[in-house]
Amino acid sequence: MERSVSETPTLVGRLRSFILPDGGLPYYRGNASAAEPTLLTALALSVSGAPAERVKPLLDWAQKLQTPDGSVGVDPGHRDQGVWLTAQAAIVFHHFGLAENAKRALDFLLSLRSVTAPKDPRLRQDDTLTGWPWVRGTFGWVEPTAWSLIALSLFGLGGHARAEEGVRFLLDRQIPSGGWNYGNPALDGTELLPFWDTTGLALVALHGHGDPKRLGASLELMEKNQEKIESLSGLSWALLGLDSYGRDGGRARVKLLNVMASLRDEEFHAGNFALGLIAISGIKVLIP
Numbered sequence: 003m004e005r006s007v008s009e010t011p012t013l014v015g016r017l018r019s020f021i022l023p024d025g026g027l028p029y030y031r032g033n034a035s036a037a038e039p040t041l042l043t044a045l046a047l048s049v050s051g052a053p054a055e056r057v058k059p060l061l062d063w064a065q066k067l068q069t070p071d072g073s074v075g076v077d078p079g080h081r082d083q084g085v086w087l088t089a090q091a092a093i094v095f096h097h098f099g100l101a102e103n104a105k106r107a108l109d110f111l112l113s114l115r116s117v118t119a120p121k122d123p124r125l126r127q128d129d130t131l132t133g134w135p136w137v138r139g140t141f142g143w144v145e146p147t148a149w150s151l152i153a154l155s156l157f158g159l160g161g162h163a164r165a166e167e168g169v170r171f172l173l174d175r176q177i178p179s180g181g182w183n184y185g186n187p188a189l190d191g192t193e194l195l196p197f198w199d200t201t202g203l204a205l206v207a208l209h210g211h212g213d214p215k216r217l218g219a220s221l222e223l224m225e226k227n228q229e230k231i232e233s234l235s236g237l238s239w240a241l242l243g244l245d246s247y248g249r250d251g252g253r254a255r256v257k258l259l260n261v262m263a264s265l266r267d268e269e270f271h272a273g274n275f276a277l278g279l280i281a282i283s284g285i286k287v288l289i290p
């Protein structure tokens with residue numbers, strides 16, 4: 003049975019049922035509040051037309067999680083871990099006009115740099131390029147770099163040196179036949195398989211940065227294979243990526259709605275579900 007966007011209020015209500023008394027959301031029911039599901043749910047509620055008073059507890063929770071250096075970690079018990087999430091926090095703080103929190107998050111992002119290495123002629127990728135890491139003191143990866151580039155673009159800093167190098171980083175990690183893996187485009191001379199979530203995320207991040215023809219193979223791959231995607235996160239990012247370039251994501255949208263409406267409670271990942279709501283809304287909160 004095909005679902006329609008008219009079911010969105012029901013889906014929003016289900017997501018809201020995961021909000022805990024402290025104002026945050028867990029990844030899965032029964033767990034403690036965590037940054038990612040809380041931040042993405044704040045955006046999802048906003049694009050779904052929720053009144054400000056329903057979003058405020060989530061924003062209060064996120065503001066309390068931010069550390070003096072501007073970073074935002076995984077949860078209150080692990081504030082120094084997963085600081086890549088500062089990019090999501092910067093996006094949310096900026097979206098809701100929390101200027102002081104947004105500036106501190108942005109300043110931290112600009113200071114957070116991935117480890118680099120001398121160029122190795124045996125490798126296709128350029129490890130001299132600086133991106134963003136999952137945690138301090140490690141190499142750059144596609145997802146944290148893409149989220150950070152999205153944040154800088156939304157702040158009007160798409161031309162900043164860090165953003166421009168982030169663009170080069172993502173283009174360097176693009177698989178020649180299309181799409182992105184989590185990091186390397188190839189291993190021992192063999193192309194790695196693309197993942198739908200990283201591919202969609204990278205496409206969104208690269209929107210507005212140079213000639214979209216450089217992304218042609220990745221867009222074609224996503225548009226052609228959207229019906230084959232099974233996961234909630236993959237479908238969400240496929241739709242977000244295709245929508246960003248005006249490509250037809252209709253089949254992904256239909257399948258995404260069906261997946262979201264049929265999830266069992268034990269399968270419900272609040273962060274991915276919130277991302278799905280952002281995707282089906284059609285409101286482009288992740289591109290300027």
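The sequence shown begins at 3 in our numbering and counts up by one. Backbone N, C-alpha and C define an ideal beta-carbon position, used for all residues, glycine too. Small disclaimer: the values here were computed from a predicted structure and weren't measured.
- Message: If you reduce the DSSP assignment to three classes, tell me which class W198 lands in.
- Response: Taken through DSSP and simplified to helix, strand or coil, W198 comes out as helix.
- Item | Enclosing alpha helix (DSSP H) for I285 [first to last residue] | In the DSSP assignment, I285 falls outside any alpha helix (DSSP H), carrying neither H nor E.
- Taking all protein chains shown into account, do 16 or more other C-beta atoms lie within 10 angstroms of the C-beta of E145, making it buried, or fewer, making it exposed? E145 is buried by the Cβ-count criterion.
- Message: With distance defined between alpha-carbon atoms, name the residue in S116, P59 and R126 nearest to F98.
- Response: Nearest to F98 by C-alpha distance, out of S116, P59 and R126, is P59.
- Let me know the secondary structure DSSP gives E193 once reduced to three states. Three-state result, E193: strand.
- Query: CA-CA distance, S6 and L259?
  - Reply: Because S6 carries a pLDDT of 47, less than 50, the predicted location of this residue cannot be relied on, and the following value inherits that uncertainty. S6 and L259 have their C-alpha atoms roughly 7 angstroms apart.
- Item | Same chain only: Cβ atoms within 6 angstroms of A281, ignoring 5 sequence neighbours per side | Excluding sequence neighbours, A281 sits near S238, L241 and L242.
- Task: Report yes or no: do the region 66 to 85 and the region 47 to 56 share at least 3 C-beta pairs separated by less than 8 angstroms?
- Result: Counting Cβ pairs under 8 angstroms, fewer than three are found: no touch.
- Item | For G26 and W86, believed in contact at Cβ under 8 angstroms, the rounded distance | Beta-carbon to beta-carbon, W86 and G26 are separated by about 18 angstroms, too far to satisfy the 8 angstroms threshold.
- Since L156 contacts P53 with CB under 8 angstroms, what's their CB separation in whole angstroms? The beta-carbon separation of L156 and P53, rounded to 23 angstroms, does not stay under the 8 angstroms limit for a contact.
- Query: What residue range is occupied by the uninterrupted alpha helix (DSSP H) comprising L172?
  - Reply: Per DSSP, L172 belongs to the alpha helix (DSSP H) from A163 to R175.
- Query: Do P196 and G218 have their CB atoms nearer than 7 angstroms?
  - Reply: In this structure, P196 keeps its C-beta atom at 7 angstroms or more from the C-beta atom of G218.
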